[in-house]
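In our numbering, the protein residues as written are 1210 to 1585. No residue lacks a Cβ here, since even glycine has one placed at the ideal position from N, Cα and C.
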Amino acid sequence: MSELLLTQEVGSLAKPDWRISAVRDGVLTDAHIADAVAWAERLGIDPDWTDTSFHRYQEWLRCGDPTCNDGAITGIKDDAARFAVALQETAGIDIVYDGEQDRSEMYEYAVARTNGFDWRGRVRAFDNKSYRKAAVVSDVSPKEPWHEWEVARLQDNTTHPIKVPITGAYTLAAWSYDEHYGDRRQFVGALARDVIRPNIEQLLEAGVEWIQIDEPAATTVPEEVGLFVESFNEATRDLIGKFSVHICFSDYSRLFPYVSELENCDQFSLEFANRDGRELGTDKAQRPAYKILGQLAEYCPDASVGLGVTSVHDDILETPQLVRDRVLRAVDIIGDPAKVFPSPDCGLRTRSWDVAFDKLRVTSEGTALARQALGV
């Protein structure tokens, strides 16, 4: 593994059909098993073991005994996470996670594990999808550690560095109704102090070295960007670890000058490929999306960049050469390849595993070409 231009995941991957069917419907078909075996072969997982295990899960699901059913569901969930890690590693990604295989959705998963919320129904979100929206009705606190089991399992499944994504306080508040605090600053502050920070502390105690705080809502209300900054600082202040923030599909110009006040942010993980051209080249005319990196380097000179080099919104596969040029443009602007971490724009959960694998693979291959071009 090179120590420069390390590639990284951002968060989610789609759940395989066999996991969805088994967990939701209690059904595991022969076609599901064949698909799992095919992916096992592709990812370097023992296909014979996979075939035997999945046929056993199938028998357990059919037997009607709750104990057998629970055993099958647990095994299938664990295997989905293991396959997701192997998918990233086989694609050549250096810093990994489990594709958030046990999370329903970044907002719903977090709220369901937090005291003080009541569900209010479904609302439309991005790309004609919906999520369950909740209202805060009393003081917030964690019901349980959000990601304790994910991390423990992952630590047994990989020797790669890991980065744990966790939904941030500002986004949780922005996507909720407030029927308790009556003041956005108080609501966001309570989430940062009483929910996000305890979860981060638990992850650090479990040996996690890098935590990514997901804040897709950070710039949606321009006059509240400073509030996002306050919440990040409240959640991470004086904690020993590596902390990054992931913000996707936003107007990044709204981050300035507020982000200069972030106290413990080691990396900005940002989306660029979705707004970039597909022509090869490394000058500003061909790589317009990466212009904002100049401002980021000015306001946060010590921070690194999680550099979006592959789009997550379509199945069109970037070439390694295009990824290379995007990486080289970023290095030219920032001036230090140690501060550039190529990645997809965002989590790949809206793409199939075949497409996600190829997107991750070209991220790795294009980054390797950039290393060659730079001689590092």
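Residue i - DSSP class collapsed to helix/strand/coil
i, result
"K1342", "strand"
"K1451", "strand"
"T1299", "helix"
"V1219", "coil"
"Q1395", "helix"
"Y1386", "strand"
"P1374", "strand"
"S1262", "helix"
"I1543", "helix"
"F1465", "coil"
"T1519", "strand"
"K1493", "coil"
"Q1194", "Here the chain has residues from 1210 to 1585 only, and residue 1194 is not among them."
"D1460", "coil"
"F1566", "helix"
"F1441", "helix"
"H1241", "helix"
"T1276", "helix"
"A1415", "coil"
"L1578", "helix"
"I1525", "coil"
"G1503", "helix"
"L1471", "coil"
"T1572", "helix"
"I1254", "coil"
"T1367", "coil"
"W1355", "coil"
"G1584", "coil"
"T1428", "coil"
Own chain, CB closer than 7 Å to residue i, minus 5 neighbours either side, in chain order
i, result
"A1293", "L1222, D1307, G1308 and Q1310"
"H1369", "E1298, D1303, I1304 and V1305"
"F1437", "Y1379, E1424 and A1427"
"R1538", "T1491, R1496 and Y1499"
"E1480", "C1457, F1458, G1517, D1554 and C1555"
"L1583", "V1540 and P1546"
"E1212", "none"
"H1354", "It should be pointed out that residue 1354 corresponds to Pro in this sequence rather than to His. Cβ within range, chain order: N1408 and Q1411."
Residue i - partner residues in DSSP beta bridges
i, result
"L1270", "Answer by DSSP bridge pairing: none, since L1270 is not bridged."
"S1350", "N1324"
"V1549", "V1514"
"D1423", "T1376 and H1455"
"G1330", "K1342"
"L1557", "L1222"
"I1304", "Q1217"
"Q1476", "S1453 and S1513"
Classification of residue i by the beta-carbon crowding that lies within 10 angstroms, buried from 16 upward
i, result
"I1525", "exposed"
"K1352", "exposed"
"K1493", "exposed"
"V1571", "buried"
"A1290", "buried"
"G1220", "buried"
"T1216", "buried"
"Q1581", "exposed"
"T1491", "buried"
"A1547", "exposed"
"Q1364", "exposed"
"G1544", "exposed"
"I1449", "exposed"
"P1510", "exposed"
"V1585", "exposed"
"A1240", "exposed"
"P1190", "This structure cannot settle anything about residue 1190, because the visible part of the chain is limited to 1210 through 1585."
"T1323", "buried"
"A1565", "buried"
Close-in-space but distant-in-sequence residues of the same chain around residue i (CB under 6 Å, 5 per side omitted)
i, result
"F1465", "Q1504 and Y1508"
"E1488", "Q1495"
"N1483", "S1520, H1522 and D1554"
"I1501", "Y1461"
"P1551", "T1216, L1516, V1518, V1536, T1572 and T1576"
"E1527", "T1519 and V1571"
"I1242", "F1263"
Residues near residue i in its chain [Cβ-Cβ closer than 8 Å; skip 5 each side]
i, result
"V1589", "It is not possible to answer for residue 1589, since the shown part of the chain is limited to 1210 through 1585."
"W1384", "Y1316, Y1340, K1342 and A1426"
"G1253", "A1295 and T1299"
"D1485", "R1496, P1497, A1498, Y1499 and R1535"
"E1439", "R1394, V1397, G1398 and A1401"
Handout entry: Three CB pairs or more closer than 8 Å across the segment 1309-1327 and the segment 1265-1278
Key = no
Exercise for the section: Give a yes or no on contact between the segment 1253-1271 and the segment 1341-1348, applying the rule of three or more CB pairs nearer than 8 Å. Expected result: no
Problem - Inter-stretch contact at 8 Å, needing at least 3 Cβ pairs: the segment 1370-1381 / the segment 1327-1334 - result: no
Problem - Meets three-Cβ-pair contact criterion under 8 Å: the segment 1227-1243 and the segment 1554-1569 - result: no
Problem - Validate contact between the segment 1382-1391 and the segment 1276-1287 using beta carbons, cut 8 Å, 3 pairs - result: no
Exercise for the section: Answer yes if the segment 1399-1407 comes into contact with the segment 1443-1461, meaning at least three C-beta pairs across the two stretches below 8 Å, and no otherwise. Expected result: yes
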